[in-house]
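The structure appears right after this line, and notes come after that.
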Amino acid sequence: MKLSFNVNQRDVTVDVDGAEPLLHVLRERLKLTGTKQGCDEGECGACTVLVDGRPVDSCILPAGVVAGRQIRTVESLAGPDGQLAAIQQSFVDRFAIQCGFCTPGFLMTLTALLEENPRPEETEIRGALSGNLCRCTGYSTIVDAALAATGDDQ
Amino acid sequence: MTPSVGRSVPRPDADPKVRGTAVYGVDFEIAGTMFASLVRSPVAAGRVVGLDTTAAAAMPGVRAVITPDQAPAHRSGLGLSDQPLFASPYISYEGEPLAGVVANTLENARQAARAVLVDIEEVPAIADVGAALADGARFIHTDWASFTPVPGLPDWRRYGNVCGELISDPGGVDEAFELADLVIEDRFEAGRQYQAYLEPKSASAVYESGRYTIHVSHQYPFNVRDRTARALGVRPSDIRVVGHHIGGGFGARLDVSLEPYAGLFARLIGAPVKLVNDRVEDMLSCNSRESAVIKVRSGVTRDGRIVAREYLCDMDSGAYATDTVFLISIPMFVAGSVYQVGPTRVVARAVYTNTAPSGAFRGVSGTYLYFALERHTDNLARAIGMDRRDFRMRNLMTDGQSMLNGQVLSDAGILETAFDAVEEMAPWASLGVGPNRGVGIAATVWLTNPAPGQVTLKLNEDGTLGVITAATENGSGAVAMGVRQIAADELGVDPSDVILTMPDTDGQGFDAGSQGSRTTHIVGRAVREAGADLRRQIVEAGAQLLEESTEDIEITDGMVRVKGRPHRRLSLADLAKGAMFRRGPLAATGSYATPIPKYDPESATGMLFPTFPTPTYHVHVAEVEVDPHTGQVTVLRYLVAQEVGRAINPQGILGQIQGGVAQGIGHALYETLEVGADGRYRQRSLEAYRMPIAPDVPRVEAALLEHPDEAGPYGAKGTAEPPIVPVAAAIANAIADATGGSINRVPITPEDVLEALDGAQDQIRGEEE
Ligand code: FES
Ligand code: FES
Chain A
230 MKLSFNVNQR
240 DVTVDVDGAE
250 PLLHVLRERL
260 KLTGTKQGCD
270 EGECGACTVL
280 VDGRPVDSCI
290 LPAGVVAGRQ
300 IRTVESLAGP
310 DGQLAAIQQS
320 FVDRFAIQCG
330 FCTPGFLMTL
340 TALLEENPRP
350 EETEIRGALS
360 GNLCRCTGYS
370 TIVDAALAAT
380 GDDQ
Chain B
21 MTPSVGRSVP
31 RPDADPKVRG
41 TAVYGVDFEI
51 AGTMFASLVR
61 SPVAAGRVVG
71 LDTTAAAAMP
81 GVRAVITPDQ
91 APAHRSGLGL
101 SDQPLFASPY
111 ISYEGEPLAG
121 VVANTLENAR
131 QAARAVLVDI
141 EEVPAIADVG
151 AALADGARFI
161 HTDWASFTPV
171 PGLPDWRRYG
181 NVCGELISDP
191 GGVDEAFELA
201 DLVIEDRFEA
211 GRQYQAYLEP
221 KSASAVYESG
231 RYTIHVSHQY
241 PFNVRDRTAR
251 ALGVRPSDIR
261 VVGHHIGGGF
271 GARLDVSLEP
281 YAGLFARLIG
291 APVKLVNDRV
301 EDMLSCNSRE
311 SAVIKVRSGV
321 TRDGRIVARE
331 YLCDMDSGAY
341 ATDTVFLISI
351 PMFVAGSVYQ
361 VGPTRVVARA
371 VYTNTAPSGA
381 FRGVSGTYLY
391 FALERHTDNL
401 ARAIGMDRRD
411 FRMRNLMTDG
421 QSMLNGQVLS
431 DAGILETAFD
441 AVEEMAPWAS
451 LGVGPNRGVG
461 IAATVWLTNP
471 APGQVTLKLN
481 EDGTLGVITA
491 ATENGSGAVA
501 MGVRQIAADE
511 LGVDPSDVIL
521 TMPDTDGQGF
531 DAGSQGSRTT
541 HIVGRAVREA
551 GADLRRQIVE
561 AGAQLLEEST
571 EDIEITDGMV
581 RVKGRPHRRL
591 SLADLAKGAM
601 FRRGPLAATG
611 SYATPIPKYD
621 PESATGMLFP
631 TFPTPTYHVH
641 VAEVEVDPHT
651 GQVTVLRYLV
661 AQEVGRAINP
671 QGILGQIQGG
681 VAQGIGHALY
691 ETLEVGADGR
701 YRQRSLEAYR
711 MPIAPDVPRV
721 EAALLEHPDE
731 AGPYGAKGTA
741 EPPIVPVAAA
751 IANAIADATG
761 GSINRVPITP
771 EDVLEALDGA
781 QDQIRGEEE
């Protein structure tokens, strides 16, 4: 079936199979491979994208659901001049990245959190991140990066 | 230019990783690739009596169904050649490959793999070490006696379901027990732990001109080369392995998994082939940390000395020998390296079961061996009524004492410094105070893997420095921070002018992979060797270009100058350009392997891993609170004192500590792959396999202790592996303290906590009556 939606400020129309997950459409049909597939079962958060501003696990979201909606992926975060978004720069500066496979998912979850609540407390940040697994960092530097992006760590 | 060693310089691969442009192994595709999926055994033990591929071959997009008769029939392995590519006809674990399907898309390959009909005569599985060792137990491999070690390795004692056995019995142990005032005996168990790297395993291969090129995200490309060569029966040089960004490994990407299949299928169908595990097959087939049973018995005197010890361990190797035949040496280092002990007997066995072959996971076997040792140490202290910390301090190893293998620890006195360092962070007496709270302490000695590496440094014509190495950046920062910063300081250039390569076994010298914290130490040292040579060449070229003698040339701040005449100088770029057509491009290669420390080869039999080179010293303290109603454990504070030699990038090391402690908390409290009576895992998805999430993990407080190592680059020792090693021990001791009960296995479930609380209550009631 034909499916139209907006991804990263661009209108797209793609052919999709009935139950095809959004993650598959993004990675395989639109070649947006920044979004990662860690489990394909809605457990790891590596595939997190924003649908109308809300973080979702794109691996278990049937693509049909996003008809007419706005999708944002990690590729949308940096500015058109290539400048990193504040949360991305904060990840770089705060050593919040090791293997980096979880990073796109964390960035999208935090982008949604900070848009809704620009000054979250540490416990709110940790709570918001409960759906994102990171096997490398032990989370603290990711939390630090989020706090730094709120300007509250000074 | 300020030296970059010792500074927390951000890593260069952070940028592509935050943009989503970093290409991981699973993202990589060779043009024109086909996709393959393995048909895996649904049962743990049995015999394949029929394989019907007709339906699968007719499925959409299917190019070929690969059956065992198309594959080499011989066995190969990491240490022991006991593993076939396909189970044929005997199945030894659930998930063992039976056949393969190649199709135009991954989905089509997976669907067709499900359509291959396999007729299996199932037999009862041998699900654990106890069953495998029972009298009259079926042999997992009836032809075990015909298996041979890989070329270059002498054979060792193996029998039936025991694929390796270490025995260290120096004599006098039983007599020494006679001298004890008290003998305490404990039994411990540890569960299997899945590495759970976020990027599932994958492999892409193409076969051209009689050679295989394999693209993969792997910690040890040269082992992929060698292991694939052995599996396919070809020369190592017939295989080229190219590395891509790695989405975590933690040891699971040190041995081969999908690579030999990718190579074989690519040759058979004459087109590139890619395999990708789905998460379930990744879990089921992964070389997870082995489960184990440990028994420790020690004799102590009333004044707090350990006078005799026996340390027994059975490790579950799974269906094939893999790493455990090496790991059975490690109990020997754990039983007598942190604390002074009297005569000690160690017996450790690697045991076949009908489960997925276990393997390397960060802190290989040390996590649970120290858990057992340190729980036991607490019990010894309690038995003689001594404070647990005082008892440890009293028995600590000091400079110049020997481990059970006869290797001298010249700097073991650092242990005491580490105890002092955690005391300074938070006094022992101040922690674990209050109802339902407890504190635990654990100390460890760990090694830096000594295996070889090589680096070529080349001075590019724009003055940047190329670092050509097959060392892998698994995420730890060992290459992106350690190697890069050490290289920058060789010529005094900015780290941003250091250009790192990705691994390619055709283009680079041997490297033993990211294991045992070796990369910064070994590869960093190779950088220093190459740097000395490259600087000599630069000085010679400078002398030639500036028409001075070499004694008068120096390299400072990324410039080549004439001593005493600072205006007579060349930038490195001009020097490289000038040298190019006069003497050729400037490059130098350095190699390094840690010399094997002196040890006593008679100290044990079956010792395939005989020494603990470049040891480091660690003390961890955990403070916990248990919920008396739910049994939930909260880790309130976590302190680490870690000896690092020299910190090349302090933030990088702190990141390894925080991450290692988080994995250790998972091992201690949540993570386990339980094996059912049918030999199948009970946890079969990331939903069922509970891992630490952000609210579970406290901010670790850490002190880095610097004691520069003579051989290490700027004194650096290994740092990334050990932070996981003491964690289960420290947390278990804290929970035992909080509950007053006994904690004898990891992971420690809420039920275990409630049971420990009940046990303590019963004990108090018993004493009151
Ligand atoms: S890939 Fe979607 S949650 Fe893991
Ligand atoms: S950085 Fe590796 S999983 Fe998060």
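Listed in order, the protein sequences are those of chains A and B.
Each residue of the first sequence is one higher than the one before, starting from 230 at the first, in the working numbering.
Each residue of the second sequence is one higher than the one before, starting from 21 at the first, in the working numbering.
Heads up, the beta-carbon is just placed ideally off N, CA and C, and yes, glycines get one too.
Asked: In the segment 650-695 of chain B, which residue ranges form an unbroken beta strand (DSSP E) of at least 3 residues, counting only runs that do not cross its ends?; Found: 653-665
Asked: May I ask you to check if the CB of B/Leu137 is nearer than 6 Å to at least one heavy atom of ligand 2?; Found: no
Asked: Using a Cβ-Cβ cutoff of 7 Å, what residues of the segment 357-391 of chain B are near chain A? List them in chain order.; Found: none
Asked: On a Cα-Cα basis, can you pick out the residue from B/Gly527, B/His94, B/Leu554 and B/Ser422 that is closest to B/Asp508?; Found: Going by the sequence as given, residue 508 of chain B is Ala instead of Asp. Answer by Cα proximity: B/Leu554.
Asked: Enumerated in chain order, which unbroken segments of the beta strand (DSSP E) with a length of 3 residues or greater are wholly contained in the segment 263-323 of chain A?; Found: 277-280, 283-286 and 299-301
Asked: Please check the pair B/Gly386 and B/Ile350, which I expect to be a contact at CB under 8 Å, by giving their CB distance rounded to whole angstroms.; Found: 6 Å
Asked: Taking only the alpha-carbon atoms, compute the straight-line gap between B/Phe208 and B/Asp517 and give it to the nearest angstrom.; Found: 51 Å
Asked: Let me know the secondary structure DSSP gives B/Gln421 once reduced to three states.; Found: strand
Asked: If I follow the unbroken alpha helix (DSSP H) through B/Lys37, where does it start and stop?; Found: Ala34 to Arg39
Asked: Anything in chain A within Cβ reach of B/Gly502, meaning under 8 Å, just list it in chain order.; Found: Those within 8 Å of B/Gly502 in chain A number zero; the least Cβ separation is about 13 Å.
Asked: If you measure between the beta carbons of A/Cys331 and B/Leu218, is that distance less than 7 Å?; Found: yes
Asked: Taking a cut of 9 Å between CB atoms, which residues from the segment 710-724 of chain B lie near chain A?; Found: Met711, Pro712, Ile713, Ala714, Pro715, Asp716, Val717, Pro718, Arg719 and Val720
Asked: Buried or exposed: which applies to B/Gln703, given that a residue is buried once 16 or more other Cβ atoms fall within 10 Å of its Cβ?; Found: buried
Asked: Following a CB-centred definition, is B/Gly405 positioned closer than 6 Å to any heavy atom of ligand 1?; Found: no
Asked: For A/Pro284 and A/Thr338, I'd like the C-alpha separation in whole angstroms.; Found: 6 Å
Asked: Output needed for B/Arg588: all residues of its chain with C-beta closer than 7 Å, excluding positions within five of it in sequence on either side, in chain order.; Found: Leu566, Arg581 and Val582
Asked: Just the C-alpha distance for B/Val653 and B/Leu485, rounded to the nearest angstrom, thanks.; Found: 50 Å
Asked: Identify, in the order they occur along the chain, each residue of the same chain with its Cβ nearer than 6 Å to the Cβ of A/Cys365, setting aside the five sequence neighbours on each side.; Found: Gln327 and Cys328
Asked: Closer than 8 Å is the cut-off here; do at least three beta carbon pairs connect the segment 608-620 of chain B with the segment 158-169 of chain B?; Found: no
Asked: From B/Gly362 to A/Glu272, what distance separates their C-alpha atoms?; Found: 49 Å
Asked: Nearer than 6 Å: is that true of the beta carbon of A/Cys365 relative to any heavy atom of ligand 2?; Found: yes
Asked: Can you check whether the CB of B/Thr344 is closer than 7 Å to the CB of B/Glu310?; Found: yes
Asked: Give every residue of the same chain whose Cβ lies closer than 8 Å to the Cβ of A/Asp382, excluding the five residues on either side of it in the sequence, and list them in chain order.; Found: Only weak support is given to the placement of A/Asp382: the predicted model assigns it a pLDDT of 48, under 50, and the value that follows is read from those uncertain coordinates. Same-chain partners within the cutoff: Asp373 and Leu376.
Asked: Does chain A have any CB closer than 7 Å to the CB of B/Gln671?; Found: yes
Asked: Comparing the C-beta of B/Arg27 with each C-beta of chain A, is any distance below 7 Å?; Found: no
Asked: Of all the options B/Asn480, B/Ala401, B/Arg231 and B/Gly460, which has the alpha carbon lying nearest to the alpha carbon of B/Leu520?; Found: B/Asn480
Asked: Rounded to whole angstroms, what's the CA-CA distance from B/Val679 to B/Val720? Just pull it up for me.; Found: The question names Val, but residue 679 of chain B is Gly in the sequence shown. Rounded to whole angstroms, B/Gly679 to B/Val720 spans 9 Å at the Cα level.
Asked: Anything in chain A within Cβ reach of B/Asp298, meaning under 8 Å, just list it in chain order.; Found: Asp269
Asked: Examine ligand 1 and report whether any of its heavy atoms sits within less than 6 Å of the Cβ of A/Gln275.; Found: Gln is not the amino acid found at residue 275 of chain A; the sequence shown has Ala there. Under cutoff, so the answer is yes.
Asked: Name the residues in the segment 302-325 of chain B whose C-beta lies less than 7 Å from a C-beta of chain A; which are they?; Found: none
Asked: Taking the straight line between their C-alpha atoms, what separation do you get for B/Ala532 and B/His238?; Found: 12 Å
Asked: CB-CB under 6 Å to B/Ala370, same chain, minus the five flanking residues each way: which ones, in chain order?; Found: Cys183, Gly184, Met335, Ser337, Thr344, Val345 and Ile348
Asked: Mind checking B/Pro241: buried by the 16 CB within 10 Å criterion, or exposed?; Found: buried
Asked: With hydrogens ignored, establish whether the beta-carbon of B/Asp239 is closer than 6 Å to any heavy atom of ligand 2.; Found: Reading off the sequence, residue 239 of chain B comes out as Gln, not Asp. No, Cβ of B/Gln239 sits at least 6 Å from all heavy atoms of ligand 2.
Asked: Taking B/Val226 as the reference, give the member of B/Gly604, B/Ser28 and B/Ile259 with the closest Cα.; Found: B/Ile259
Asked: May I ask which residues mark the beginning and end of the beta strand (DSSP E) holding B/Pro586?; Found: Arg585 to Ser591
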